[in-house]
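Below you'll find the structure, written out as structure tokens, and then a few comments.
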Amino acid sequence: MKGNEAIAHAAIRFGVDGYFGYPITPQSEVIETLMEQAPWKTTGMVVLQAESEVAAINMVYGGGACGKYVMTSSSSPGVSLMQEGISYMAGAELPSLIVNVQRGGPGLGTIQPSQADYFQTVKGGGHGDYRLITLAPDSVQEMADFVALAFELSFRYRNPAMILSDGVIGQMMEKVRLPQQRRRRTDQEIREQCPWATLGRTPDRAPNVITSLELDSEVMEKNNERIQAKYRVIEEKEVRYEEVQCADADYLLVAFGSAARICMKTIELAREEGIKVGLLRPITLWPFPMKELRRYADQVKGMLSVELNAGQMVEDVRLAVNGAVPVQHYGRMGGIIPTPDGVLDALKKKLIS
Amino acid sequence: MDIETIKSPENLVYAKPELLNDHHMHYCPGCSHGVVHKVIAEVIAQLGLQEKTIGIAPVGCAVFAYNYIDIDWQEAAHGRAPALATATKRLLPDRLVFTYQGDGDLAAIGTAETIHAANRGENIAIIFINNGIYGMTGGQMAPTTLRDMKTSTSPEGRDVATMGNPLRILDMLALLNGVCLATRVSVHTAAAVKKTRRMIKKAFENSMAGKGTSIVEVVSTCNAGWKMTPEEANDWMVEHMFPYYPIGDLKNI
Chain A
580 MKGNEAIAHA
590 AIRFGVDGYF
600 GYPITPQSEV
610 IETLMEQAPW
620 KTTGMVVLQA
630 ESEVAAINMV
640 YGGGACGKYV
650 MTSSSSPGVS
660 LMQEGISYMA
670 GAELPSLIVN
680 VQRGGPGLGT
690 IQPSQADYFQ
700 TVKGGGHGDY
710 RLITLAPDSV
720 QEMADFVALA
730 FELSFRYRNP
740 AMILSDGVIG
750 QMMEKVRLPQ
760 QRRRRTDQEI
770 REQCPWATLG
780 RTPDRAPNVI
790 TSLELDSEVM
800 EKNNERIQAK
810 YRVIEEKEVR
820 YEEVQCADAD
830 YLLVAFGSAA
840 RICMKTIELA
850 REEGIKVGLL
860 RPITLWPFPM
870 KELRRYADQV
880 KGMLSVELNA
890 GQMVEDVRLA
900 VNGAVPVQHY
910 GRMGGIIPTP
920 DGVLDALKKK
930 LIS
Chain B
539 MDIETIKSPE
549 NLVYAKPELL
559 NDHHMHYCPG
569 CSHGVVHKVI
579 AEVIAQLGLQ
589 EKTIGIAPVG
599 CAVFAYNYID
609 IDWQEAAHGR
619 APALATATKR
629 LLPDRLVFTY
639 QGDGDLAAIG
649 TAETIHAANR
659 GENIAIIFIN
669 NGIYGMTGGQ
679 MAPTTLRDMK
689 TSTSPEGRDV
699 ATMGNPLRIL
709 DMLALLNGVC
719 LATRVSVHTA
729 AAVKKTRRMI
739 KKAFENSMAG
749 KGTSIVEVVS
759 TCNAGWKMTP
769 EEANDWMVEH
779 MFPYYPIGDL
789 KNI
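These protein sequences, in sequence, are chains A and B. Quick note, the numbering used here runs 579 ahead of the 1-based positions in the first sequence. Quick note, the numbering used here runs 538 ahead of the 1-based positions in the second sequence.
Below, the structure is given as structure tokens:
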């Protein structure tokens, strides 16, 4: 099935309580699949087509405030509209899942694939000091698997999580093994797992108030410090990445999502020519595999960050290695997908010759 | 009669609603918000819904509504309360879910969320405070500011040729099939407060009965923003606001 369809099926099977979304290419199959599956008849999952992405993300805020598993999906221009809500959820420390099946920008741009929302996703996007847990799938299987992982991390740390995909992964068809159907949690289970949730105030506790507002600067700074401390824990514990033929590599490709798929072929082509190339694929874009990249700086002669954009993740790769080895970028924009040959040529021109 | 006698339970003629806590309200003296808060607290208790109610607070003067009524609350982004309420009520259909919104929140920045929640007939109650001005930010023009009314962003008075006409959004909402109650009330006299209590109760009952969206517009004063005494503000509201925003039901099914 398609990556987008896999997300929808995985959400139902995970026991998601609510999906709120607005159609946009190239990810409308998510809501279409949900509407076709009609999970409200089986698991009781709510599926609602909102009037805008602004409304959709605020519905997610409301559902997250109730401690429910709630999610939305969109593509780049729609995700821009959601930034306010994402910032509010980070501020109010609400869990949720947002899926971005990226397309090319800026503006209305193109409906073709892109990875140009890296900055928006991992550097902020909305206002204020916050971070978004970001998972980057490179297969239809990971589209399905990361639904559960994103909710797990999101609830563990009370922070929104994003699956940052792109039009290639969303639209391509692969075999996928879906998880077993889980039942949705009862309100009583939610009360136990999320004592902060607004499910109605029981006599044994004070009112639960979900807010990001605090006008006393002293207290607001403390709130920020608490949130930042949480981010440091996530950076320490939740980095995920994949290494491909890195052990003997002289050159390292760094790529996520569909770009990483292309780099797999580049590794083959390069090794046929006797150039030892490996790939480090960040699975979490935030937290970013800083230490792991720094380690490879002692081994390789150079790194090439391959992205479907003008050069965004390359800045984090450079920060990670801090000048220890040359780091270059190769990318295509506007919905053009780099070829394995193109990546190999860029590697030779920018780092070898 | 000494103070202790006056305070004794058998002589008590008025008590603060149980759900209204002891936090000092930040509202200006003379403002309508405090009265509406009290009425909401009374009605929730009267219906026995204190354990089943989730309130959605707006951005505006009532941003701190959650500090005063002892129920669970969500604080929304400006204008988005009906979106939060939509999800909350759909995910928790046996709860009472209401939003509390001002005119800027509901009729300017949140117009789309308001109209579409009502059009879907979400089983929520919307308490809409219309005082014709942005109070929290210091008295700027609202969508509901009357023609020729002076505010800090219409210092010469609202010029409808360039600033548009005051928006009667309740009239628009009443047209929608999803809406079961669209009514205008006020809280400037004891009788008016009584009527408001009745309509808010109806709105909450509608939410629990799944009858659709209920909107109770409270035509209110903002004496600080209007730069009047509370009494002058009440008179001004009756004389100027009521003709344009007439009190009564537009729809009550």
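Glycine included, each C-beta is placed from N, C-alpha and C at the ideal position. Values in this document were obtained by computation on a predicted structure and should not be read as measured data.
Residue i versus residue j - alpha carbon distance
i	j	result
aspartate 795/A	glycine 749/A	44 Å
alanine 623/B	arginine 682/A	31 Å
arginine 784/A	arginine 874/A	49 Å
glycine 568/B	lysine 576/B	14 Å
threonine 660/A	serine 666/A	Per the sequence shown, the amino acid found at residue 660/A is leucine instead of threonine. Distance between the alpha carbons of leucine 660/A and serine 666/A is about 12 Å.
threonine 604/A	isoleucine 636/A	18 Å
threonine 682/B	aspartate 643/B	11 Å
glutamate 770/B	valine 725/B	15 Å
serine 655/A	glutamate 632/A	11 Å
methionine 722/A	serine 744/A	8 Å
glutamate 890/A	alanine 834/A	Just to set this straight, residue 890/A is glycine in the shown sequence, not glutamate. Taking the straight line from one Cα to the other gives about 11 Å.
valine 726/A	alanine 728/B	55 Å
arginine 763/A	phenylalanine 593/A	8 Å
tyrosine 604/B	asparagine 559/B	10 Å
arginine 770/A	tyrosine 640/A	17 Å
valine 818/A	glycine 881/A	22 Å
leucine 630/B	histidine 654/B	19 Å
lysine 870/A	leucine 714/A	18 Å
threonine 777/A	threonine 765/A	14 Å
proline 866/A	isoleucine 791/B	54 Å
isoleucine 664/B	phenylalanine 602/B	17 Å
Beta-carbon gap between residue i and residue j smaller than 8 Å
i	j	result
serine 752/B	serine 745/B	yes
isoleucine 609/B	proline 782/A	no
proline 618/A	glycine 643/A	no
cysteine 842/A	leucine 831/A	no
threonine 622/A	glycine 913/A	no
glutamine 694/A	glutamate 886/A	yes
proline 602/A	serine 837/A	no
serine 652/A	isoleucine 591/A	no
glutamine 767/A	glycine 704/A	no
valine 747/A	isoleucine 916/A	yes
valine 719/A	leucine 864/A	no
lysine 627/B	glutamate 660/B	yes
glycine 853/A	alanine 828/A	no
Nonlocal neighbours in the same chain, by C-beta distance under 6 Å from residue i, ignoring five residues either side
i	result
glutamate 755/B	Phe666, Asn668, Leu708 and Arg722
glutamate 731/A	none
arginine 685/B	Arg696 and Val698
leucine 587/B	Leu634
lysine 670/A	Rather than lysine, the amino acid found at residue 670/A in this sequence is glycine. Closer than 6 Å at the Cβ level, and outside the excluded window around glycine 670/A, lie Ser791.
tyrosine 598/A	Leu613, Val626 and Met650
serine 684/A	A small correction: the amino acid at residue 684/A is glycine; serine does not occupy that position in the sequence shown. Cβ neighbours of glycine 684/A beyond the five flanking positions: Ser655 and Ala695.
histidine 908/A	Ser884, Gly890 and Val893
proline 758/A	Arg592
Contact set for residue i: own chain, Cβ-Cβ below 8 Å, skip 5 residues either direction
i	result
alanine 614/B	Ile594, Ala595, Pro596, Val597, Ala621, Leu622 and Thr637
isoleucine 582/B	Leu557, Gln588, Thr591, Ile607, Ile609, Leu634 and Phe742
glycine 707/A	Ser666, Ala669 and Gly670
glutamine 584/B	Lys739
asparagine 938/A	Here chain A covers residues 580 to 932 and nothing more, so residue 938/A does not appear.
leucine 848/A	Pro919, Asp920 and Leu923
proline 555/B	Lys576, Ala579, Glu580 and Ala583
methionine 638/A	Gly597, Phe599, Leu627, Ala629, Val649 and Thr651
Close beta carbons around residue i, own chain, < 7 Å, minus the five adjacent residues each side
i	result
glycine 677/B	Ile671, Thr689, Ser690 and Gly763
valine 792/A	A quick correction: the sequence has leucine, not valine, at residue 792/A. No residues qualify anywhere along the chain.
methionine 563/B	Gly572 and Tyr606
tyrosine 810/A	Arg710
Going along the segment 888-903 of chain A in order, which residues come within less than 8 Å of chain B, judged by CB to CB distance? If the cut-off is 8 Å between Cβ atoms, the segment 888-903 of chain A has nothing near chain B.
Given a limit of 8 Å on CB to CB distance, which residues of the segment 590-621 of chain A reach chain B? Asp596, Gly597 and Phe599
Beta carbons nearer than 8 Å to chain B: which residues of the segment 678-708 of chain A have them? none
Note down, one range per segment and in chain order, each beta strand (DSSP E) of at least 3 residues found wholly within the segment 710-763 of chain B. 717-724 and 751-757
At a CB distance below 8 Å, what residues from the segment 621-644 of chain B approach chain A? Give them in sequence order. Ala621, Leu622, Ala623, Thr624, Ala625, Thr626, Arg628, Leu629, Leu630 and Arg633
Can you give, in chain order, each stretch of the beta strand (DSSP E) that sits fully within the segment 794-846 of chain A and has at least 3 residues? For the beta strand (DSSP E) assignment, the uninterrupted runs of no fewer than 3 residues enclosed by the segment 794-846 of chain A are, from N- to C-terminal side, 820-823 and 830-833.
For the segment 646-677 of chain A, enumerate the residues whose C-beta is nearer than 8 Å to any C-beta of chain B, in chain order. Lys647, Val649, Glu663, Gly664, Tyr667 and Ala671
Name the residues in the segment 621-638 of chain A whose C-beta lies less than 9 Å from a C-beta of chain B; which are they? Within the segment 621-638 of chain A, the qualifying residues are Val625, Leu627, Ala629, Glu630, Ser631, Val633, Ala634, Ala635, Ile636, Asn637 and Met638.
Fully enclosed by the segment 670-694 of chain A, which beta strand (DSSP E) runs are 3 residues long or longer? Under the rule that a run must span 3 or more residues, the beta strand (DSSP E) segments found entirely inside the segment 670-694 of chain A read 675-681.
Going along the chain, which residues of the segment 644-674 of chain B sit with their C-beta nearer than 9 Å to a C-beta in chain A? Ala650, Glu651, Ile653, His654, Ala655, Asn657 and Arg658
Contact set between the segment 578-589 of chain B and chain A, restricted to residues whose Cβ is under 9 Å from the partner: Leu587, Gln588 and Glu589
Selection of the segment 712-743 of chain A by Cβ proximity to chain B, strictly under 7 Å: none
What are the start and end residues of each continuous beta strand (DSSP E) run of 3 or more residues lying completely inside the segment 647-677 of chain B, in chain order? 663-668
Please give me, in chain order, every unbroken run of the beta strand (DSSP E) with length at least 3 that falls completely inside the segment 591-626 of chain A. 597-600
Which residues of the segment 759-792 of chain A have a Cβ closer than 9 Å to any Cβ of chain B? Give them in chain order. Asp766, Ala776, Thr777, Leu778, Gly779, Arg780, Thr781, Pro782, Ala785, Pro786, Asn787, Val788, Ile789, Thr790, Ser791 and Leu792
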